[in-house]
Amino acid sequence: MNAELLGDTVERLFADQPPPGGRSRSPGAPSPAGPGPSDHGDLAGLWDTLAGLGLPWVSVAEEAGGAGGDLEDALTILFHAGRHAVALPLAETGVLGGWLLAAAGLRVPEGPLAVPVPPGLSSFSPGKGGGAPRDESGLQLARRGGRWAATGRMARVPWGAQAAAVVALAGSPDGPLVVLVPPDEVEVTRGRNLAGEPRDALVLDGVAVGPSGVGPAPPLAAEWLALRGALSRAALMAGALDAVSQRTVSYANERSQFGRPIASFQAVAQRLAQLAAAAEAAGLAAQVAARMLAGADGQDQPPPGVCLAVAAAKITAGRASREVSAHAHQVHGAIGMTEEYPLHHFTRRLWSWAHEWGSEAAWARWLGDRVAEAGAPALWPALTTGLRE
Amino acid sequence: MRFQPVALRPAEEELRSEVRAFLAEELPRGSYRPGLGMNAVHSPEFSKKLAERGWVGMAIPPEYGGHGRSPVDRFIVAEELLAAGAPVAAHWTADRQTAPTLLSFGTEDQRRRFLPAIARAECFFSIGMSEPDAGSDLASVRTVASPVEGGFVLNGTKIWTSGAHLNDFFCVLCRTSPLEDDRHHGLSQLIVSLSAEGVEVRPIPFVDGSHHFNEVVLHDVFVPESLALGEVGMGWQQVTSELSYERSGPDRFLSTYQLLETYLAERPAGGALPERASDAVGRLAARYWTIRQLSLSVARALERGQAPAVEAAMVKDLGTTFEQEVVAVLQDLADHDPDPGSSSLFESLLAQATLVAPSYTIRGGTTEVLRGVVARALRGQR
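Chains as they are written, first to last, in our numbering: chain A, 78 to 466; chain B, 83 to 464.
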C-alpha cells in the first residue's frame, strides 16, 4: 500500500475512535484513543478493529501469517499510534514479536503478542560475535523429553498479562532460540509504566513449550531486535511529539489572557517555536532511521550507518521528549496538570518510552564508544552516512 | 511533519569523493590550523583553487561563468569544506549571498560584470546592512543615498562589516526615498567599491583579538546609477525575499566541528573514553547526524523549487545553538582553563571557540528573530 495512503488511513482510523469518557477534546488536535490508564488495558474494541484490517501484523511476512508490507509501513502505523496515545502492544505484535517468530520459521498466532523490554542496552554489539541473548529476557530453555521447558523471569512485559502469547529470545543448549510462550502456567505480577500502560512481570518455571513454539534465532537476533525496539519507540515518540506540538500551538492560539491569545506574547511564542522545532527534529530522525533500517532488512549484519541512525533517532526522540513536554506543560498552565485534560496521556508516554529499548544515555554511551574506537578521522564520514538512492 | 527524508544520488556521492580527495591533497590534517566556520580564515589563494575546480559560484548559471549546480551539490561541497575547517571566508559571502541576489534582482549588466568574477574567486563581497542603530531592525537603516546626476551620493555608517578591509565591494542597504508610514518603502541596495573615494574602513577588533569586523563610514561616496542593485526602492523586498531560506546550510551547524574532531584526535590512541566523555560525545554525534539531515532536507526542498522559510529558520536556530553546545560540552570535559597559546590544537581551538561562540546565535539573524519567524507561521494553527 502506498505509504501516504497508509498513513492517512491509519490516522483517520485512530482519530475516529471515541475518546475515553470524561476527557476533553480540542477540535483538530489529536486525542488519546483506546483504553486509558484507568482501565487495566482491556484490549478489545480498538484492537479488534485494527486486527480486522491486519494492521498489527504489517511488516510480518504473509507466509508466516503476517500482513505483508515493510518495516517502514509498520513504523508509519506506530507514528500515528503515538499521535493518538494508542494503548496497545502494536510494536510488540508486529515489528518485534511477529518479526522474531517469522525469522525463526514459526507461525504468528492471532491476538496481541507481548515482547519483554530489556533492562538495558548491554546486549547490543553487532558484528562482535553477538547474537547470543544475554540475561535480559532471562529465559532459558531446557530439554524435557521431546519438548522444551522454559524457565526464567521477564520484567516489564508490555501487556504481558493480556497478550495471547509472549515472544522472547531464550538461551538453550542448542544456542539462542525464539520461543512463543502460551499464557497459561505463567506467573504474572501486574505492573505499569509511568503512563499507566501495562508492564507486567512474568515468571516461568519449567513451562512446557511444544515444537510449534520454538525455532532457531536468526543471526544477531538480539542486535536486530534492539534496533527494532529502539526504532519502534522512536516512531511512537515522534507521533506523540507531533501531537503535543500541535495541541500546544492550538491551545496557545485559542487561550486568551490580557485581551489577546497567549501565543501572541513573545515569551510564549519563543517556546512554541522551540517546541515545534524539537518535534520536527525527532520526526525526521525517526523517519530517516526507519527507511534505513527497512533498507537493511535481510542483510547479515546491521550496517554501522544504520546503527548510528537508530541511535541518533532514539537519542533525538529522548531529548525532544524532555524539551517538548516541558514547553507544553508550561504553555498549558494549570489545566495541563489535570487528569481530565489529555496532555498527560502524551507526556507520560514520552517520559516512559524514552527509557525503553535503550535510554538516551545508554545509546549515547554506545555511540560515544563506537566513535572513540573508530578514531577522529572516521567521524565525519560516519556522520555523512544516510539514505542512498 | 515539515521535513522530508533525503536520499543522495550516486553522482552526489561522487562529488563528495572528489572534494575529499581535493582536501586530502591540499589540506592534509596537521598541515593547517582549522578555521572555526565560514568567516574564520580569509584565503584568496585557496578560494581560487576551489574556483578552478568549479566549486565557487556553483549556483551561477554557465552563461554567467558559473556551473549551474543544484542546492544539494552546493550543500555537499560546503559541508565537506566546513567539516575540515577549510579557509573559505574570502569567497563565502559573494558566493552564498551576493551571487543569488544578483541573479534574482541584478541588471543584466551587473550580472555580466560581477558573476563571472565571483565564480573565478576574483571578486569578493562584504555585506553592508547593519548600522550602529540598526541591527535586527534593519528597516530602520539611516544611510542615505541622495540622487545626483548619473547616480547617487551616499552618506552613512555601516558596522560589523566582516572583511571590509579585505574585500572588493559591499552591498549597501540604504534609504533612497524619505521615510513614510511604511518603513519598508524607499530602501535600496547599492553596490559600492570598498576602495571608492569617501569610503573609510575602520577596524573593530573582535573579542579574540582577530580582525573581522569593521565600521565603514561613507562620506559623500558617489555611486553610479549602473550599480543600483535591482530596482531602486525595492531594497527591502530584495533583502528579505529569497535570502531568508538560503541561510540554513552547513555553515550554520559546522562552525565548531573541528573542535570535536581535534578532541578525539588528541585522545591517547586506542584509549577508551571515560563514561562521562563517551556519553557526551555520543550525544554530540547524534545531534550532528540529526541536524545535518534537517539541513540537507531544506537543500533538497530548494532544489525542488520550494521556499521553505520556516524550515530554514528552524534549522538555523537548532544549528547555531548546537554549535555553542559543542563548545560548552567540550569545555565541560576539558579539565582546565584552555590556553590559547597551547601546543595542543584542541586546547587552543577551545580557547578561541569559547570567546567566539556567542556570535553564532547573533550573526545573520538572531535566535530571537528566527524563533519569531517560526512562531508567526504557527499563529494560524488551530
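All residues carry an ideal CB built from backbone N, CA and C; glycine is no exception.
Practice problem: Identify whether GLN94(A) lies in helix, strand or coil by the three-state DSSP scheme. | Solution: coil
Quiz item: ALA392(A) bridges to which residues according to DSSP?
Solution: Checking the displayed sequence, the identity of residue 392(A) turns out to be Ile instead of Ala. Paired residues: none, contrary to the question.
Quiz item: Under three-state DSSP, which class holds HIS161(A)?
Solution: coil
Self-check item: Against chain A: residues of the region 339-350 of chain B by CB proximity under 9 Å
Solution: TYR339, LEU342, GLU343, THR344, TYR345, LEU346, ALA347, GLU348 and ARG349
Quiz item: Looking at C-alpha atoms only, which residue of ALA455(A), ARG442(A), LEU216(A) and VAL387(A) is the closest neighbour of VAL365(A)?
Solution: VAL387(A)
Quiz item: How would you write the range of the alpha helix (DSSP H) that GLN283(A) sits in, first residue to last?
Solution: The amino acid occupying residue 283(A) in the given sequence is Gly; Gln does not appear at that position. Taken as a continuous stretch (DSSP letters only), GLY283(A) belongs to no alpha helix (DSSP H), being part of the beta strand (DSSP E) at 276-286.
Quiz prompt | Contact the region 302-312 of chain A vs the region 146-159 of chain A: 3+ CB pairs below 8 Å | solution = yes
Quiz item: Do the region 358-371 of chain B and the region 405-418 of chain B touch if we need at least three Cβ pairs shorter than 8 Å?
Solution: yes
Quiz prompt | Supposed close pair VAL255(A), VAL286(A) - CB separation, criterion 8 Å | solution = Not quite, the Cβ-Cβ distance comes to about 11 Å (not below 8 Å), so this is no contact.
Quiz prompt | 8 Å Cβ cutoff, ARG442(A) in contact with chain B | solution = yes
Quiz prompt | For LEU464(A), three-class secondary structure by DSSP | solution = strand
Quiz item: Terminal residues of the continuous alpha helix (DSSP H) containing GLN434(B)?
Solution: 427-438
Quiz item: Does DSSP put CYS205(B) in a helix, a strand or coil?
Solution: coil
Quiz item: Relative to chain B, which residues along the region 345-365 of chain A have a C-beta separation below 7 Å, given in chain order?
Solution: ALA346, GLN347, LEU349, ALA350, GLN351, ALA353, ALA354, GLU357, ALA358, GLY360, LEU361, ALA362, GLN364 and VAL365
Practice problem: Put PRO408(A) into one of helix, strand or coil per three-state DSSP. | Solution: In the sequence on display, residue 408(A) carries Val and not Pro. Note: VAL408(A) maps to helix in three-state DSSP.
Quiz item: Under three-state DSSP, which class holds ASP302(B)?
Solution: strand
Quiz prompt | Span of the alpha helix (DSSP H), counted from its first residue to its last, around ASP319(B) | solution = The amino acid occupying residue 319(B) in the given sequence is Gln; Asp does not appear at that position. Per DSSP, GLN319(B) belongs to the alpha helix (DSSP H) from 317-322.
Quiz item: Can you tell me where the alpha helix (DSSP H) with THR424(A) in it begins and where it stops?
Solution: 420-430
Quiz item: Curious, which full-length alpha helix (DSSP H) runs of at least 4 residues does the region 181-268 of chain B contain?
Solution: 181-187 and 190-201
Quiz item: Looking at C-beta atoms only, is the number of pairs between the region 428-439 of chain A and the region 269-282 of chain A that lie closer than 8 Å three or more?
Solution: yes
Exercise. At 7 Å on the CB atoms, spell out the chain A contacts of PRO287(B), in chain order.
Key: Within 7 Å Cβ-Cβ: nothing; PRO287(B) doesn't reach chain A, min ~32 Å.
Self-check item: Contact set between GLU466(A) and chain B, taken where Cβ atoms lie within less than 8 Å
Solution: ALA89, LEU90, ARG91 and PRO92
Practice problem: Report the rounded CA-to-CA distance for PRO293(A) versus ARG220(A), giving the unit in angstroms. | Solution: 15 Å
Self-check item: Proximal residues to PRO169(B) (C-beta, below 6 Å), its chain only, five neighbours per side dropped
Solution: GLY117, VAL123, SER125 and PHE128
Practice problem: Would you mind giving the Cβ-Cβ distance between LEU255(B) and MET211(B), rounded to the nearest angstrom? I have them listed as a contact below 8 Å. | Solution: 5 Å
Practice problem: Return no unless some Cβ of chain A is closer than 8 Å to the Cβ of PHE85(B). | Solution: yes
Quiz item: Mind checking VAL192(A): buried by the 16 CB within 10 Å criterion, or exposed?
Solution: buried
Practice problem: Specify the secondary structure class of THR266(A) as computed by DSSP and reduced to three states. | Solution: strand
Self-check item: Bridge-paired residues (DSSP) for VAL256(A)
Solution: ALA245(A) and VAL291(A)
Practice problem: Give a yes or no on whether the minimum CB-CB distance between ILE154(A) and chain B is below 8 Å. | Solution: no
Quiz item: Taking only beta-carbon atoms, is ALA438(A) less than 8 Å away from chain B?
Solution: yes
Practice problem: Pair every Cβ in the region 308-323 of chain B with every Cβ in the region 343-356 of chain B, then say whether three or more of these pairs are closer than 8 Å. | Solution: no
Quiz item: Helix, strand or coil for THR480(B) per DSSP?
Solution: Chain B is shown from 83 up to 464; residue 480(B) falls before or after that span and cannot be answered.
Self-check item: Rounded distance between the beta-carbons of ALA144(A) and THR372(B), thought under 8 Å
Solution: Wrong, their Cβ atoms sit about 31 Å apart, outside the cutoff.
Exercise. Just mark MET314(A) as buried or exposed, buried being the case when its beta carbon has 16 or more other beta carbons within 10 Å.
Key: buried
Quiz item: With 16 other CB atoms within 10 Å as the buried threshold, where does GLU313(B) fall?
Solution: exposed
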